[in-house]
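In my numbering, the protein residues as written are 1 to 657. Cβ atoms here follow ideal geometry from the backbone N, Cα and C, with glycine treated the same way.
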């Protein structure tokens, strides 16, 4: 028997006799809350998204099929250890059980799901994250902004280990996160977040430990320039011999207004990987380290099952995750950080930031850096570890991890504004409270304003001296900016002015040929401020427009005010979005799953997801976390059986067939 208890925010607390029972319930609960999106993710992972979205998804499908997702997923599934295979099969069984029980809720593209689709989806996540690290493949929608930190008990007010997780990603189907609690009688007890369609919690906590992930800057993919045989275009040079490319045909089914049409493409691979372009006598292929990962599911399950730091590190040892900064804390007071990556050892002969000659054997990857050699630190003297997409030498004061000890392709980030602010706040506080931690997580101070303050004030001075025809409005705007505390909350009118000015400046600088000199920069910044004021007066009739009036969170047919930074500014709390034709910035990225965990005699946690925990518009949990979101608050989670029982609003019993 499997029990799914849902609390006041619709979070499923899933109880089973065994891990596989709980996995079955997890699949069922996910299907209840976001079946359409889950199935969509699986179709995207196998290169069949055009069957839903039509022509706009065709090229993305082509790119995915280059990686042969079905073939690779079948091979990985075949080699899973028995316990992991049973787990993923149970999860899939839960999804299919829900579909069988609710045929009226199935989208037109619904078919029974398979374990291989789950494997392919994990691989899609790895490919998308690798693309972000490769300029040749980078998706502009991806963001490199996430926050995490862990504080030892001796530095906290209550003597607990505090762990913060706050991944910032696009709110697209692939990167959305689902909040859940998985419990089994054979030892599983995990609360945290998982991407829609993934059967495991990828970050969260147990009663013993908590862990979090942020994207790091490791170089885990390379592009090879392959020399093509002029007489045989499907052959390429490898040392002193010519090899045949692997060439095959893929047929794509594309949705149209009339129904569907089919299109067949010829795709190719070298021994390095997919051929993504051909120019003259060169073909360009891509190799990524994620392609060599055989069993990421087992790694993630072992991370969640770990009872102590050594077990957690043992889980990571096989290099089953291609990247991520990872922080860890536990009830023993242990804290830990690793710059995790599956990074190849490369020859120092080549510039690996550019395509390398595929025909030269010295350009082949040699091996992978073993886990024990990756940058990592545990229990630092300062009592905290933080990573907000910064390099390992800035995770804690006096970090023993030094840049000169690592090749440049192994670690690439530097310090950033979010990291500096978190580092400073943690360094100066030896009695950190949960309340202070939550306030820092939700901090809306506009860090970008600090960097551009001098330029902004100069533009204000210049504008005051120039006749614009809107002198009264200009004076009001400049007064608002000068008196601004630089906090981007929903009520701030200066945040609106600053952000719109920054957007105009960025567009002007991007369009400018070459790097503008100081005088030109000043002119651009002054003109951008003038245009911002004119546009606000024309659009709103005033310059006093609250940030929450134009910075909006949309769900269904309703919109809500939201604070924090936008895509053109930076705050610890980011809420990204583009400026639309109506003068609004509609949020489309930011925190996907925020959690603060206090590990002590009792485990307590506070969390938040965008919108709510259900994608069904008829669910009370479709948008019930938006009030928290707009107010910058987190909700208290329920972890013990007593807490869950006290806040239970529904219960469902399931039987596995």
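- Remark: C-beta atoms of residue 320 and residue 296 approach each other more closely than 7 Å.
- Residue 492 carries a coil assignment under DSSP once its states are collapsed to helix, strand and coil.
- Three or more Cβ pairs closer than 8 Å define a contact, and the region 382-402 falls short of that threshold against the region 352-359.
- Under the three-state reduction of DSSP output, residue 653 falls in the strand class.
- The C-beta of residue 634 has 16 or more other C-beta atoms within 10 Å across all chains shown, which makes the residue buried.
- Collapsing the DSSP output to three states places residue 94 in a helix.
- Beyond the five residues adjoining it in sequence on each side, residue 180 comes within less than 6 Å, by CB distance, of 12 in the same chain, given in chain order.
- Nearest to residue 602 by C-alpha distance, out of 625, 252, 638 and 588, is 638.
- With 16 or more neighbouring CB atoms inside 10 Å of its own CB, residue 322 falls in the buried class.
- Here the C-alpha atom of residue 569 lies approximately 8 Å from the C-alpha atom of residue 449.
- Looking at the backbone, the Cα of residue 650 and that of residue 3 are separated by about 10 Å.
- In the DSSP assignment, residue 41 falls within the unbroken alpha helix (DSSP H) covering 19-45.
- Residue 611 has no beta-bridge partner at all, per DSSP.
- Residue 456 holds the alpha-carbon nearest to the alpha-carbon of residue 483 among 505, 470 and 456.
- Note that the C-beta distance between residue 383 and residue 154 is below 7 Å.
- For residue 77, the enclosing alpha helix (DSSP H) stretches over residues 69-78.
- For residue 404, the secondary structure class from DSSP, reduced to helix, strand or coil, is helix.
- For residue 454, the uninterrupted alpha helix (DSSP H) run begins and ends at 447-464, by DSSP.
- Between the beta-carbon of residue 553 and that of residue 626 there is about 6 Å, and that keeps the pair under the 8 Å contact cut.
- Measuring C-alpha to C-alpha distances from residue 14 to each of 192, 163 and 408 identifies 192 as the nearest.
- Note on geometry: alpha-carbon atoms of residue 289 and residue 378 lie some 26 Å from one another.
- Under the DSSP definition of a beta bridge, residue 165 partners with 148 and 595.
- Under DSSP, residue 238 shares a beta bridge with 241.
- The bridge partners DSSP lists for residue 590 are 169 and 575.
- Per DSSP, the unbroken alpha helix (DSSP H) holding residue 298 starts and ends at 296-305.
- Leaving aside the five residues that flank residue 109 on each side, the residues in its chain whose CB is nearer than 7 Å to its CB run, in chain order, 39, 43, 51 and 52.
- Residue nearest to residue 84 within the set 558, 20, 64 and 447 is 20 (criterion: CA-CA distance).
- Counting only the Cα atoms, residue 196 lies some 41 Å from residue 235.
- With contact defined as three or more Cβ pairs closer than 8 Å, the region 104-121 and the region 555-569 are not in contact.
- Cα atoms of residue 387 and residue 210: separation of roughly 15 Å, rounded to the nearest angstrom.
- Per the coordinates, the alpha-carbon of residue 583 lies some 31 Å from the alpha-carbon of residue 419.
- Distances from the alpha-carbon of residue 613 to those of 476, 604, 599 and 629 put 629 closest.
- Apart from sequence neighbours up to five positions away, the residues of its chain that approach residue 182 with a beta-carbon distance below 7 Å are 14, 22, 26, 188, 190 and 201, ordered along the chain.
- Restricted to the region 190-260, not a single alpha helix (DSSP H) segment is unbroken, complete and at least 4 residues in length.
- Beta bridge pairing from DSSP links residue 386 with 149.
- Cβ neighbours of residue 57 within its own chain (closer than 6 Å, five residues either side excluded): 49 and 50.
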